[in-house]
Amino acid sequence: MAIHIHDTLAGKKVALEPIAPGRIGFYACGPTVYDMSHVGHARSYIVWDVVVRHLRARGLTVKYVRNFTDVDDKIIKRANERGEDPVALAARFADEYLADMDALGNLRPEAAPRVSEHIPQIVTLIERLVEREFAYAPGNGDVYYAVRRFPDYGRLSRRNLDDLQAGARVDPGEAKRDPLDFALWKGAKPGEPAWDSPWGKGRPGWHIECSAMTLEHLGAPFDLHGGGKDLVFPHHTNEIAQSVGAVGDGVHAETFARHWMHHGFVEIDDEKMSKSLGNFFTIRDVLARHDAEGLRLFLLGTHYRNDFNFSDALLAEAERRLAYLYETLEKADRIGAGAEPAAEAPFAGEARAALDDDFNTPRVLGILADVFTEANALCDAKGKKSPADRARLAAFARDARAVAGLLGLLSRAPAEALRALRDRAALRRGVDGAEVERRIVERAQARKDKDFARSDAIRDALLAQGVVLMDGPQGTSWKVE
Ligand SMILES: [Zn+2]
Numbered sequence: 048m049a050i051h052i053h054d055t056l057a058g059k060k061v062a063l064e065p066i067a068p069g070r071i072g073f074y075a076c077g078p079t080v081y082d083m084s085h086v087g088h089a090r091s092y093i094v095w096d097v098v099v100r101h102l103r104a105r106g107l108t109v110k111y112v113r114n115f116t117d118v119d120d121k122i123i124k125r126a127n128e129r130g131e132d133p134v135a136l137a138a139r140f141a142d143e144y145l146a147d148m149d150a151l152g153n154l155r156p157e158a159a160p161r162v163s164e165h166i167p168q169i170v171t172l173i174e175r176l177v178e179r180e181f182a183y184a185p186g187n188g189d190v191y192y193a194v195r196r197f198p199d200y201g202r203l204s205r206r207n208l209d210d211l212q213a214g215a216r217v218d219p220g221e222a223k224r225d226p227l228d229f230a231l232w233k234g235a236k237p238g239e240p241a242w243d244s245p246w247g248k249g250r251p252g253w254h255i256e257c258s259a260m261t262l263e264h265l266g267a268p269f270d271l272h273g274g275g276k277d278l279v280f281p282h283h284t285n286e287i288a289q290s291v292g293a294v295g296d297g298v299h300a301e302t303f304a305r306h307w308m309h310h311g312f313v314e315i316d317d318e319k320m321s322k323s324l325g326n327f328f329t330i331r332d333v334l335a336r337h338d339a340e341g342l343r344l345f346l347l348g349t350h351y352r353n354d355f356n357f358s359d360a361l362l363a364e365a366e367r368r369l370a371y372l373y374e375t376l377e378k379a380d381r382i383g384a385g386a387e388p389a390a391e392a393p394f395a396g397e398a399r400a401a402l403d404d405d406f407n408t409p410r411v412l413g414i415l416a417d418v419f420t421e422a423n424a425l426c427d428a429k430g431k432k433s434p435a436d437r438a439r440l441a442a443f444a445r446d447a448r449a450v451a452g453l454l455g456l457l458s459r460a461p462a463e464a465l466r467a468l469r470d471r472a473a474l475r476r477g478v479d480g481a482e483v484e485r486r487i488v489e490r491a492q493a494r495k496d497k498d499f500a501r502s503d504a505i506r507d508a509l510l511a512q513g514v515v516l517m518d519g520p521q522g523t524s525w526k527v528e
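So that you can map any letter, position 446 of the sequence shown is 493 in the working numbering, and since no number is skipped, the others follow by simple counting.
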C-alpha cells in the first residue's frame with residue numbers, strides 16, 4: 048500500500064512517505080475569524096477531514112493541527128467598527144467556526160493554536176531570523192524578511208524572483224530594502240492590539256504565525272501541509288522562507304514541510320464566491336435549510352484539486368441521493384438482520400485504493416453508486432431471499448458504512464437520517480409536517496370507512512405539494528419528492 052498525493056512542491060503525484068514510520072504530522076491553515084464561516088470553509092475543512100480519516104484508516108497515527116488567525120488586519124478593522132476588542136471578537140467567531148465544523152461532522156484537530164497565544168514563540172522565531180540574517184529591523188519598529196537571501200523562494204509557486212519583483216511594491220510607511228521583502232513584525236499603530244518585542248511594541252505579520260505554530264506543535268521538518276490554492280503565494284511561499292531560514296537548512300524547501308496539498312476554489316452558480324458579489328453563503332445559513340451529510344456528499348463529488356460549483360438546486364439533488372443511500376441501507380439492514388455477513392466485498396478495497404490515489408472521492412462515490420444500485424435491486428427482487436443473499440446484504444451494509452465512514456458519510460441510523468432529510472426537504476418546500484400527519488390520519492379514517500374517493504383526494508392533494516405517501520405494514524409514512 049502506498050498513498051499518493053499531488054504534491055505542489057514536487058509539481059506532480061508522489062508517494063506520501065512519513066518522516067517517522069507510521070506517523071504523519073499534518074498542518075492545515077485555519078480560518079481568519081472575523082465573521083461567520085462560509086461554504087468555502089466547509090469545503091476546505093471537509094477535504095482535510097477526509098485526508099485525516101483515510102490516513103488513520105490506513106494505520107497511520109496522524110497529528111492534525113489547524114490554527115486560528117485571531118490577530119489580523121480584517122479582524123482589527125471589524126473590531127474597531129464595532130468598538131470591540133479584536134481578540135475577543137476573534138474568540139467569538141472561533142467558537143462559531145467550531146460549532147459549524149462539528150455540525151459538518153468534521154473531526155476536531157489535535158491542536159488548534161491561536162496567534163494571540165503564540166506571541167513569545169513568534170518573537171523567538173523572528174529573533175532567530177534576524178540572527179541568521181534572513182531578516183532585518185530597519186529601526187522603525189518593523190521587521191522584514193529579506194527574500195533574496197532565500198534562493199528557493201519561488202519554488203512552491205513556480206515563479207522566479209524577477210517575475211515576482213514586477214508585482215511587488217513598497218507601501219507608504221514601510222522601510223523595506225527590497226520591494227519583495229515582507230513584514231514579519233509590524234510596529235504598533237494606534238487602534239491596534241500590540242505586544243512587547245525587542246523591536247518595540249507591535250504585532251506579527253500574517254505569515255510568521257504558521258511557521259511558529261507548526262514548529263511548536265509538529266516540529267521541523269514535518270510531513271504534510273495543506274491549504275487552498277490561493278495560499279500558495281504569498282502565504283505558503285513565505286511560510287517556507289521563514290521556517291527554512293529559521294530552523295531549516297537555509298536552502299531547501301523540504302526542510303520545512305515535506306509535502307504540500309492545495310484544494311480548489313468554491314464558486315457559487317459559476318461565480319467565484321466573494322462577499323462583494325453578494326453570493327456569500329454561510330455554513331449556518333446553508334445548514335438551516337439543508338442536511339450536513341448532504342452537503343458533504345455534494346462537496347466530495349468534486350475532486351479536491353478542482354474548483355467546486357455550489358448551487359442550492361444541486362445540493363438538494365445530493366440530499367435526494369443521500370436519502371436513496373439510506374433507504375437502501377435500511378432495506379439491507381432489515382433483510383440481512385441475523386445473517387452471518389459474507390467476507391468483505393471487493394468494492395471496499397477498490398474504494399480504499401481510490402482514496403490512496405490522491406484522495407479521489409468522486410471515484411469512491413461512483414463505486415458506492417454502483418454497489419447501492421445492485422444492493423437495491425437485490426432487496427427489491429421478488430421472492431424469499433436465500434441465506435447467501437441475506438449474507439451478501441449484511442456484508443454490503445457493513446462494508447458500505449465502512450467506506451462511507453472514510454468520507455464522514457452514512458454515520459446515522461437510516462430511520463433517523465431519513466426523517467431529518469425529509470424534514471429539511473419539507474421546510475424548503477414550505478410543507479408543514481404536522482399538517483401532513485393530520486391528513487394521514489384523516490385518510491386512514493376514510494379508508495376504514497371505505498370512502499376511497501376521499502382517501503384518494505387527500506393523497507392527490509398532498510402529492511400536488513410534493514408529499515408522497517408510502518403505505519407499509521407499520522402504517523403510512525411520507526416523504527417529500
Ligand atoms: Zn498558514
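Ideal placement from N, C-alpha and C gives every residue a C-beta, glycine not left out.
Keep in mind it's a predicted model, so treat the numbers as computed, not measured.
With respect to GLU157, VAL97 sits apart: the two C-beta atoms are not nearer than 8 Å.
At least one heavy atom of ligand 1 sits closer than 7 Å to the Cβ of GLY274. Burial state of LEU415 is buried, judged by a 10 Å Cβ sphere holding 16 or more other Cβ atoms. Rounded to whole angstroms, the gap between the alpha carbons of VAL279 and ALA75 is 13 Å. In the three-state scheme derived from DSSP, where H, G and I count as helix and E and B as strand, HIS254 is classed as coil. One alpha carbon belongs to LEU425, the other to ARG105, and they sit about 31 Å apart. Looking at the DSSP output, MET83 sits in no beta bridge, so it has no partner there.
The Cβ atoms of PHE73 and LYS124 lie no closer than 8 Å to each other. Here ILE169 has PRO251, ILE255, GLU256 and ALA259 as same chain residues with Cβ atoms under 7 Å from its own Cβ, once five neighbours each way along the sequence are excluded. Rounded to whole angstroms, ALA442 and LEU102 show a C-alpha spacing of 24 Å. Spanning the alpha carbons of ALA386 and SER458 requires a straight line of approximately 22 Å. Going by DSSP, ASP54 is part of the beta strand (DSSP E) stretching over 51 to 54.
Per DSSP, reduced to three states, the secondary structure at ARG206 is coil, with no helix or strand assignment.
Within 7 Å of the C-beta of GLU286 there is at least one heavy atom belonging to ligand 1. As computed with DSSP, GLU318 is found in a beta bridge with ILE315.
Around ligand 1, the residues whose beta-carbon falls short of 5 Å from at least one of its heavy atoms are CYS76 and CYS257, given in chain order. If you draw a straight line from the Cα of GLU366 to the Cα of LEU342, it comes to about 8 Å. By the neighbour-count criterion, in which 16 or more other beta carbons inside 10 Å mark a residue as buried, ARG476 falls on the exposed side. The region 450 to 457 and the region 477 to 495 do not touch, with fewer than 3 CB-CB distances between them shorter than 8 Å.
The C-beta separation of ARG352 from GLY297 comes to about 31 Å, leaving the pair out of contact by the 8 Å criterion. Out of VAL61, GLY152, PHE115 and ARG179, the CA that lies nearest to the CA of ALA89 is found in GLY152. Per the coordinates, the alpha-carbon of LEU334 lies some 17 Å from the alpha-carbon of ASP82.
By DSSP's assignment, TYR351 forms no beta bridge with any residue. The way I'd put it, the region 457 to 474 does touch the region 512 to 527; three or more beta-carbon pairs between them come closer than 8 Å. Taken through DSSP and simplified to helix, strand or coil, TYR200 comes out as coil. Annotation for ASP199: ALA300 place their beta carbon closer than 6 Å to its own, counting only its chain and skipping 5 residues before and after.
Going by DSSP, PHE229 is part of the beta strand (DSSP E) stretching over 229 to 234. For the 8 Å CB-CB criterion, VAL80 and PRO240 do not form a contact. Taking the Cα of ASP446 as reference, the smallest distance to any Cα among VAL177, ALA390 and LEU136 is reached at ALA390. By the C-beta criterion, the region 421 to 435 is judged to be in contact with the region 375 to 383, since at least 3 inter-stretch pairs fall below 8 Å.
For ASP120, the closest C-alpha among the options PRO237, ALA464 and PRO461 is that of PRO237. With respect to HIS85, ILE330 sits close: the two C-beta atoms are nearer than 8 Å. Residue burial annotation: LEU456 is buried, with at least 16 other C-beta atoms found within 10 angstroms of its C-beta. By the Cβ neighbour-count rule, THR261 is buried, with 16 or more other Cβ atoms within 10 Å of its own. In the same chain as ARG437, and ignoring 5 residues on each side of it, the C-beta atoms closer than 7 Å to its own belong to ILE382, GLY383 and ALA386, in chain order. Between ALA511 and PHE406, the alpha-carbon positions lie close to 42 Å from each other.
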